Structures are given as structure tokens and as C-alpha cells.
Amino acid sequence: MTNDIYGPFPGSREFLAGLTEGQRARYEELGTNLEVVEQRIADACAAAGRARDEVKLVVVTKTYPAEDTALLAALGVTDVAENRDQDAAPKAEQCRNLPLDWHFVGQLQTNKVRSVVRYANHVHSVDRLRLVESLSAAVLKSDRPELGCLVQVALDKDVPAAGGGAQGGVEHRAGVAPADVAALADAIAEAPGLRLDGVMTVAPLAGPLAGDPARAFAVLAEIATAVRTAHPAATMVSAGMSGDLEQAVAAGATHVRVGTAVLGVRSPLR
């Protein structure tokens, strides 16, 4: 790469003039894809009787280079998400001067917590008390502000795991069972340095809600309402991806996590 696209940005004309031919082509491709996704969200909001500004687009940039993240920022994207710290940490560092809000959406091991709290503003995948404790301790040892946390809900948690019974071989989503959400939400709310932002889910792969994201997200909406009753500031509902964002918006999602529809088909993770 022969130019610096990692901000702070000059005016749009100067920025575009500084792009290489390949960067300009990718910039235009991403811009076209973003327009399509933005229209899908706008149409879904209109169909649900919601204002467009009630739904935040979070672009999932996993497996794509920091250069794409910079181009997205230049196109006006403000929220990006990653799911593996080993990829996210160097990317966030390279993009540190860009006006981006970083979301961590993958399964988080406690040995990665200290790294994640250096750049993430939101962790969507809080699924156990030990992780709450580790995040709290790491935030308190840093000089950062509160870390926003969401309880990841596994809507298929009551279905037998792979190898067990009639459902043997199914793949479960990460997260906590719906019955355990309230206790984990309370733990986050009480943990120093953490802020309970709301709940998150991914459409389940097993159980009665598998293949029916509309019903799955409706169940999440009920869970989110219960969490807000106890914690009124926990208003985030993170649900919906490239293939089911419309159903998520209809069910009240405040954040949709879209990757493929913006960035293209991903290469396999190594």
C-alpha cells in the first residue's frame, strides 16, 4: 500500500484522490454493498413501524484486512465487530485513529480478556460468571471507561448436545440458557467497571426454533424485556445477520451484525 488511509481523514475528495486503483475499486464495491444493506434495514424498519435511527448497523469485519476497515470508516461506518482477538487486536491498533466503535462478538476466553479490553467498547458474548469476573478485573486495572457487556443467549441450550439422544450431532450456539440470563445480567450490572448494555443471540441451529429466526428473535425480545424490567438502561438487543436482519428488526433488534452482505463471502478461518 502506497498511501495512508488510516486517518484522520482529509476531505472526501482528497481521500479518494489518494487511493490506489485497487483501493478505489474496493471502496466502490463496499459502498455499493452498504447501500443495499442500508436499504434493507430501512425497509425492515418501515415494515415494522420503527424509525430508521432505532437500528444500528455493526459491520462484522472478521477475516478481512484492516484496509477494508479503514475504507468502511471512510464510507461512514461507525461500528465494526470482530470475533477473534488475535485478528482484532492488531487491526484495532492499526485503525486506532479512525472514528470507530469496536464490538467483540466471538466466544471469549479469559486469557484474552486483558487484550480485548484495550480496544473493545462492547463485548456481546458474555456467557459465564468467570468471564464477568475477568472482564471486571481487567477493566479496573486499566485506565479505560466502563466496558459495555451483553448477555449472550443460547436459545437452543435445552437441546441435547452433539452425541446425545435424538438430537445427537447438532451444533449448539454459545451462550447461556434463557433461564440463566437474569442471574448473569445481575452479575454484570453489579461488577465494577462493567455496564450491562443488554442481550445478544444468534439464530439457533437446533431445537424448535431452528430455521425460524422470526420466532427465535421474538423469544429474545421477551428475554430483553425482562432484563430491561430489572435494568432499565440495558436497552441493546443485538440480533440478526446478513441472512435474517429483517426478522431481527421486526422483533425489536437495536443492533444488527452484518458481515457477508457488506464485505462479501468470507474465506475459511485458519
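Going left to right, the sequence shown walks through residues 72 to 341 as this note's numbering numbers them.
Glycine included, every Cβ here is placed at the ideal spot set by N, Cα and C.
Note that the structure is a prediction, hence the values are computed from the model and not measured.
Through-space distance from residue j to residue i, alpha-carbon basis
i    : j    : result
V197 : A256 : 9 Å
W42  : Q165 : Since the displayed the chain opens at 72 and closes at 341, residue 42 lies outside it and no answer follows.
A152 : R95  : 23 Å
G235 : K228 : Because the pLDDT at G235 is just 46, under 50, the model does not fix this residue reliably, and the value given afterwards should be weighed accordingly. Cα to Cα, the separation comes out at about 13 Å.
A160 : R121 : 35 Å
P303 : T181 : 28 Å
V247 : I259 : 14 Å
G314 : T300 : 30 Å
A295 : V188 : 25 Å
T306 : A289 : 15 Å
N154 : K133 : 6 Å
G311 : H326 : 8 Å
P249 : M271 : 11 Å
A137 : D158 : 10 Å
A262 : I112 : 34 Å
G269 : R167 : 26 Å
D214 : G177 : 24 Å
V131 : D283 : 22 Å
G93  : L142 : 12 Å
T103 : A332 : 10 Å
F175 : D150 : 11 Å
Y135 : L334 : 8 Å
G89  : Q110 : 29 Å
Nearest-angstrom Cβ-Cβ length linking residue i and residue j, presumed shorter than 8 Å
i    : j    : result
V222 : V252 : 5 Å
G264 : S207 : 5 Å
V298 : V108 : Not really, about 27 Å apart at Cβ, beyond 8 Å.
V148 : A324 : With 8 Å as the limit, V148 and A324 do not qualify as a contact, their Cβ atoms being about 18 Å apart.
T280 : L226 : In the sequence under discussion, the amino acid at residue 280 is Leu, which differs from the Thr named in the question. So it is a contact: roughly 5 Å between Cβ atoms.
Residue closest to residue i, alpha-carbon to alpha-carbon, out of the options
i    : options                : result
I76  : L169, A160, T149       : L169
R244 : R215, L276, T149, A258 : L276
S309 : D114, A292, P263, T331 : A292
P216 : G246, L226, A191, A141 : A191
V210 : G102, L334, V184, A248 : V184
A115 : L334, L316, V333       : L316
F86  : D124, A254, A144       : A144
L218 : G278, A141, S205       : S205
R286 : K127, G78, A321, V270  : A321
V129 : A119, L105, A88        : L105
D267 : A332, H195, A281       : According to the sequence displayed, residue 267 carries Leu and not Asp. Here the closest residue by C-alpha is H195.
G78  : A163, V333, G269, E92  : A163
L51  : K127, E100, D156       : The chain is shown only over 72 to 341; residue 51 falls outside these bounds and no answer can be derived.
K220 : Y135, R199, D214, G93  : Looking at the sequence shown, residue 220 is not Lys but Cys. Cα-wise, what sits closest to C220 is R199.
A254 : P279, V273, G278, V224 : V224
Y98  : G89, L171, D139, L226  : D139
Q318 : A119, R201, R123       : A119
Opening and closing residue of the alpha helix (DSSP H) in which residue i lies
i    : result
R185 : 184-187
S309 : Unbroken run through S309 is the beta strand (DSSP E), 307-309; no alpha helix (DSSP H).
V203 : 200-212
I112 : 92-119
D139 : 137-145
T300 : 284-301
Residue i - containing beta strand (DSSP E), residue span
i    : result
A225 : Premise fails: A225 is in no beta strand (DSSP E) and is neither H nor E.
G269 : 265-272
S196 : 193-197
V329 : 326-329
E153 : 150-153
L128 : 127-131
Beta carbon proximity, residue i to chain D, threshold 9 Å
i    : result
A144 : Note that chain D does not occur in the displayed structure, where there is just one protein chain.
Residue i - partner residues in DSSP beta bridges
i    : result
H174 : A152, H193
L218 : L265
L316 : Bridge partners of L316: none, in fact.
V247 : V224
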